[in-house]
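Chemist:
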Amino acid sequence: MEVAILGAGAMGSALAIPISERGHEIKLWFTEYDMSIYDVVSKGEPHPRIKVRLPDTIKFYKPDQLKEALEEIDYIIIAVSSEGVPVISKLIRETIGTPRQPLIVVSKGIEIEDGIAKTMSEIIEGYVGSDKIVYVAGPSLAAELAKKLPTHVVYASKYIEISSELKREFETSYYRIEVSNDIIGAQLSAALKNIYAIAYGIIEGYLRANNIVNNNLKAALLSKALDEMAKVVSFCGGKRETVYGLAGLGDLYVTSLGGRNSMFGQLLGEGLSTKEALDVMRKKGVGVVEGYKNAATIRKYLHQKDIGRDKAPIFYAVYSILYEGSEKEILFKTLNQ
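Start counting at 1 in the sequence shown, then tack on 20, and there's your number in the numbering used here.
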């Protein structure tokens, strides 16, 4: 079968590796923001973000070759940043109309359309006119997946038979797939964990800067964040058990210990301002800190659902630090309440 992966960043490129091993033909499409990556991998050199060479069987397509990339495709994987999802969804519709193929989404976050905060699946369905959407969630660091280290994820869709089909087609000995029909819970868990990972990083950075070892506090943060996430997901129509599985607990753990959002939080905990921390992250070239932008969009989403500080105190504490100039001590006070 032929699989189009739209977005050649870390996750899109990493995901191409196990899927190509299953014998599927991969068409990897580079956005205009991926062209520096194209210049490297097209020469057969290691991908600059995941540090491995991509299989020779993968076909590369430049930004102006989307039509060719989508020809005779069986599956479409959307692997752009969350803010790029509306753009790519519109391009898909303009290029091939309403797709008959399932759309697999690895983008994480909430975006605002016409003043309304929406999940990734809501945005995509609104543009392409199809609800055959599968959302990928769970602890999946791209660099580890690219090295073929054991990785377990969840494929969530309202049509569980589509998720099951993808499990049969994509699963390998090291890329393991669970299926779920809780697409709401999977998406909200994936978005929210970025905010809680920033919180974890703030605590980690503060403790390190002050030469303090306090694993008890970090464990408490993870526990309280998970409970808060479960309440929010349940209130929004998702399942609590989704939060306590790979999509929530698993992804929160791995992101807190080794993700960009936690790294960003550590800089804040060490005393940098939000702007200074973002500047450092840009200079390191580690990619988009999605949790920063998503904090604002998720806040709007929570307001739409009438979820205030009383139901999500840790989230609002992090938001206050990022956008209202609050000192990091507000997070410690929130945890002690």
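Every residue, glycine too, gets a C-beta built ideally from N, C-alpha and C.
Where does Asp-330 land, buried or exposed, given buried means 16+ other C-beta within 10 angstroms?
Modeler: Translated into positions along the sequence shown, residue 330 becomes position 310. With fewer than 16 other Cβ atoms within 10 Å, it is exposed.
Chemist: Nearest by alpha-carbon distance to Ser-193: which of Glu-181, Ile-130, Thr-171 is it?
Modeler: Residue 193 sits at position 173 when you count from the first residue of the sequence shown. Of the listed residues, the one whose Cα sits closest to Ser-193 is Thr-171.
Chemist: Apart from the five residues on each side of it in sequence, which residues of its chain come closer than 7 Å, Cβ to Cβ, to Gln-131?
Modeler: Residue numbering aside, residue 131 sits at position 111 when the sequence shown is read from its first letter. The question names Gln, yet the displayed sequence has Glu at residue 131. So the list reads Ser-102, Glu-103, Val-105, Pro-106, Lys-138, Ile-143, Thr-317, once near-sequence residues are dropped.
Chemist: Evaluate Ala-89 with the Cβ neighbour count: other Cβ atoms within 10 Å of its Cβ, from every protein chain shown; 16 or more gives buried, anything less gives exposed.
Modeler: Residue 89 sits at position 69 when you count from the first residue of the sequence shown. Buried, by the Cβ-count rule.
Chemist: Please report whether the beta-carbon of Asp-84 lies at a distance below 8 Å from any beta-carbon of chain C.
Modeler: The chain inventory of the structure shown lacks chain C, comprising one protein chain alone.
Chemist: In whole angstroms, what separates the C-alpha of Gly-310 from that of Glu-181?
Modeler: In the sequence shown, counting from the first residue as 1, residue 310 sits at position 290. In the sequence shown, counting from the first residue as 1, residue 181 sits at position 161. Reading off the sequence shown, one finds Glu at residue 310, where the question assumed Gly. Those two C-alpha atoms are separated by around 31 Å.
Chemist: Measure the alpha-carbon distance for Tyr-312 versus Ala-217 and round it to whole angstroms.
Modeler: Locating residue 312 in the sequence shown gives position 292, where the first residue counts as 1. Locating residue 217 in the sequence shown gives position 197, where the first residue counts as 1. Their backbone Cα atoms lie some 11 Å apart in a straight line.
Chemist: For Phe-359, tell me which candidate among Leu-26, Ala-166, His-67, Pro-38 has the shortest Cα-Cα distance.
Modeler: The question about residue 359 has no answer here: the residues shown for the chain are numbered 21 through 357.
Chemist: What are the start and end residues of each continuous beta strand (DSSP E) run of 3 or more residues lying completely inside the segment 154–231, in chain order?
Modeler: Counting only runs of 3 or more, we get 171–176, 195–200.
Chemist: When we look at the beta-carbon of Gln-357 and count the other beta-carbons within 10 Å, is it buried (16 or more) or exposed?
Modeler: Position 337 of the sequence shown holds residue 357. So Gln-357 ends up on the exposed side.
Chemist: For the candidate residues Ile-37, Arg-228, Ile-350, Tyr-195, whose alpha-carbon lies nearest to that of Met-283?
Modeler: What you label residue 283 is simply residue 263 of the sequence shown in a count that begins at 1. Taking only the C-alpha atoms, the option nearest Met-283 is Arg-228.
Chemist: State yes or no: is the C-beta of Glu-344 nearer than 7 Å to some heavy atom of the ligand HEM?
Modeler: Among the components modelled here there is no ligand, and therefore nothing to report on the ligand HEM.
Chemist: Which residues in the same chain have their Cβ closer than 6 Å to the Cβ of Ser-200, if we skip the five residues on either side of it in sequence?
Modeler: By one-based count along the sequence shown, residue 200 stands at place 180. Same-chain partners within the cutoff: Val-174, Ala-176.
Chemist: Would DSSP call Phe-50 helix, strand or coil?
Modeler: As a position in the sequence shown, residue 50 is number 30, starting the count at 1. Note: Phe-50 maps to coil in three-state DSSP.
Chemist: Which complete alpha helix (DSSP H) runs does the segment 292–355 hold, if anything under 4 residues is left out?
Modeler: You should have 294–304, 310–324, 333–343, 349–355.
Chemist: Measure the Cβ-Cβ separation of Gly-289 and Ile-350 and say whether it is below 8 Å.
Modeler: Position 269 of the sequence shown holds residue 289. Position 330 of the sequence shown holds residue 350. No.
Chemist: Restricting to Cα atoms, I'd like to know which of Ile-70, Gly-64, Val-156 is closest to Ile-98.
Modeler: Sequence index remark: in the sequence shown, residue 98 carries index 78 (1-based). For Ile-98, the nearest C-alpha among the options comes from Val-156.
Chemist: Please confirm whether Ala-211 and Ala-245 have their CB atoms less than 8 Å apart.
Modeler: Mapped onto the sequence shown, residue 211 falls at position 191. Mapped onto the sequence shown, residue 245 falls at position 225. Cβ distance not < 8 Å, so Ala-211 and Ala-245 don't count as in contact.
Chemist: Would you give the residue range spanned by the beta strand (DSSP E) that Glu-22 belongs to?
Modeler: The residue you call residue 22 lines up with position 2 of the sequence shown. Segment 22–26, the beta strand (DSSP E) holding Glu-22.
Chemist: Straight-line CA distance for Pro-278 to Asp-134?
Modeler: Mapped onto the sequence shown, residue 278 falls at position 258. Mapped onto the sequence shown, residue 134 falls at position 114. According to the sequence displayed, residue 278 carries Gly and not Pro. Taking the straight line from one Cα to the other gives about 34 Å.
Chemist: Do you know how far the Cα of Met-140 is from the Cα of Ser-183?
Modeler: Working through the sequence shown from its first residue, we reach residue 183 at position 163. Working through the sequence shown from its first residue, we reach residue 140 at position 120. Rounded to the nearest angstrom, the two C-alpha atoms are 17 Å apart.
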